[in-house]
Amino acid sequence: MNIAIIAMEGCYGSSLHGLIDVFVVANAYIKKHSGNKNDFFQWHFLSTINSTIKTSNGLSMRQSIAQECDKHFDVIFIPGILYKGVHAFEVIIQQQQLFYTWLMKQHQQGAIVCANCTATFFLAESGLLDNKEATTVWWLEPLFKQRYKNITLKFEQLIIEKNNVICAGSATSHFQLGLLLLKKFVSPFIVQQTAKAMLIDTRKMLTSPEQLLSFSREHNNVLVQKAQDWIELNLSRSFKLVDLAREIATTERTLIRQFKNTLSITPSKYIQNLRVNKAKYLLEISELSLDKIIEKVGYQDRSAFTKLFTKVVGIPPMSYRRQF
């Protein structure tokens, strides 16, 4: 399994080597349990412009230029780079045109292309995310939306995967990204042992707060499915049950009955749970203020939401953030 790690000037050393460490540990377990002496995962460091680069923590590296390499890779990972302001960042993004051509060719040949943190902008700039959903580091949400209007940004999701392109949001998400890649190539046992050895929080493997209610999707009720789709698209705004019923061409009474029969929960309770789960997720992965989080889950009244959150979770929102 050949992996290319793209080392750009100023890339985060922790991401650059952290993903490799996941594969190192996985290789050790594969050898132990298979008897094979060869490494299953092998990797190569490549750059995009200069053969010699310095990582964000000052480590110098020398490697080949990606677009001069005709080798086919199974996985290509681009770690995030240190952000030094919007102008400097945009210059770096726009300098990589030859690399983007190489990246697109690798993807067309079957490579899984992934990036985390600020490097998700390289995926967007290359065209690999055109007309798709993506995530990025939360504090660059405005810039991402401004530059890439044909990409649906869901920054509150830690990882999004579509058509062999994987975006991971946070600077430390390389660990969860590593486990996701392991799942594609090795047994669940190896994944479990690697996660256990490295103390990787597998709870963050959930790609969205909606997955916490994934059981609610395991049904064939078309009306309820339409309601769920509309709720998730409009979760960030305040709406009443009558609004939902009108949008999907039904009545409140029918909606309540169908939810109870299908999910054993009322639509109002379902919406509340989804809002609380999304708030929990944002409290864990972002540094957004509580007021901003409350706004993003469709509430305006801080007191009312805090009361609801405390009732459902058992502790107030800020206590939850400190704990997790």
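The numbering of the sequence shown is the working numbering, which starts it at 24 and goes up by one. All residues carry an ideal CB built from backbone N, CA and C; glycine is no exception.
Among the options, nearest to residue i - alpha-carbon criterion
i: Ile183; options: Asn139, Thr285 and Phe122; result: Asn139
i: Val247; options: Leu286, Pro211, Ala218 and Asp224; result: Leu286
i: Leu258; options: His242, Phe282, Asp224 and Asn300; result: Asn300
i: Glu113; options: Phe167, Leu331, Phe63 and Lys128; result: Phe167
i: Asp93; options: Ile101, Thr124 and Thr75; result: Thr124
i: Phe262; options: Tyr322, Arg280 and Lys207; result: Tyr322
i: Trp66; options: Asp97, Ser312, Val335 and Asp252; result: Asp97
i: Asn80; options: Met127, Glu318 and Leu39; result: Leu39
i: Ala272; options: Ile288, Trp253, Arg260 and Ser37; result: Trp253
i: Leu313; options: Asp224, Gln90, Thr78 and Met341; result: Met341
i: Pro211; options: Gln118, Thr159, Asn284 and Tyr52; result: Tyr52
i: Ile88; options: Thr217, Ile28 and His56; result: Ile28
i: Ile308; options: Thr159, Lys54 and Asn187; result: Thr159
i: Glu91; options: Asp266, Asp44, Ser193 and Leu126; result: Leu126
i: Ile295; options: Lys330, Gln281 and Arg280; result: Note that residue 295 corresponds to Gln in the displayed sequence, not to Ile. The shortest C-alpha separation from Gln295 is found at Lys330.
Backbone secondary structure at residue i - three-state DSSP
i: Met84; result: strand
i: Gln120; result: helix
i: Glu179; result: coil
i: Cys92; result: coil
i: Leu235; result: Confidence is the limiting factor: at Leu235 the pLDDT is only 49, short of 50, which leaves the residue's position unreliable and the question unanswerable from this model.
i: Ile317; result: helix
i: Ile76; result: strand
i: Ile308; result: helix
i: Gln295; result: helix
i: Gln132; result: coil
i: Lys334; result: helix
i: Asn139; result: strand
i: Phe208; result: helix
i: Asn25; result: strand
i: Thr230; result: Reliability fails at Thr230, whose pLDDT of 47 lies under 50, so the model's placement of it is uncertain and the value that follows must be treated cautiously. Coil.
i: Phe100; result: strand
i: Phe64; result: coil
i: Lys107; result: coil
i: Ser287; result: coil
i: Lys185; result: strand
i: Leu256; result: helix
i: Ala69; result: Sequence inspection shows Leu at residue 69; the Ala mentioned does not correspond to that position. Residue state, collapsed to three classes: strand.
i: Leu146; result: helix
i: Ala272; result: coil
Residue i vs residue j beta-carbon contact at 7 Å
i: Glu349; j: Leu264; result: The first residue shown for the chain is 24 and the last is 347, placing residue 349 beyond what the model contains.
i: Leu305; j: Glu164; result: no
i: Ile76; j: Glu148; result: no
i: Gln129; j: Ile99; result: yes
i: Val48; j: Ala220; result: yes
i: Phe64; j: Gln86; result: no
i: Ile11; j: Ala157; result: With the chain covering only 24 through 347, there is no way to say anything about residue 11.
i: Phe122; j: Thr71; result: yes
i: Ile116; j: Ala142; result: no
i: Leu82; j: Gly36; result: yes
C-alpha distance - residue i paired with residue j, whole-angstrom precision
i: Ala30; j: Gln120; result: 16 Å
i: Ala250; j: Arg344; result: 30 Å
i: Cys34; j: Leu42; result: 13 Å
i: Asp153; j: Phe144; result: 12 Å
i: Asp62; j: Arg170; result: 41 Å
i: Lys177; j: Lys60; result: 42 Å
i: Lys319; j: Lys207; result: 33 Å
i: Ser237; j: Arg325; result: Residue placement at Ser237 is flagged as unreliable, the pLDDT there being 47, under the threshold of 50; a coordinate-derived value is accordingly withheld.
i: Trp161; j: Leu278; result: 35 Å
i: Leu151; j: Val336; result: 39 Å
i: Thr195; j: Asn25; result: 23 Å
i: Lys107; j: Gln199; result: 26 Å
i: Asn284; j: Lys292; result: 14 Å
i: Ile316; j: Leu203; result: 27 Å
i: Asn186; j: Cys137; result: 11 Å
i: Val215; j: Val245; result: The identity of residue 215 in the sequence shown is Gln, whereas the question assumes Val. Cα to Cα, Gln215 sits roughly 36 Å from Val245.
i: His242; j: Arg280; result: 15 Å
Where residue i falls, given that 16 or more other Cβ within 10 Å makes a residue buried
i: Gly201; result: buried
i: Gly58; result: exposed
i: His197; result: buried
i: Arg298; result: buried
i: Ala111; result: exposed
i: Asn50; result: buried
i: Phe332; result: buried
i: Pro290; result: buried
i: Leu222; result: exposed
i: Thr225; result: exposed
i: Lys303; result: buried
i: Phe347; result: exposed
i: Ala327; result: exposed
i: Gly103; result: buried
i: Ile189; result: buried
i: Arg269; result: exposed
i: Thr230; result: Caution is warranted here: a pLDDT of 47 is assigned to Thr230, below 50, making its placement in the model unreliable, and no coordinate value can be reported.
Proximity test, residue i beta-carbon vs the ligand MG heavy atom, cut-off 6 Å
i: Ala327; result: Looking for the ligand MG in the displayed structure turns up nothing, as the structure carries no ligands at all.
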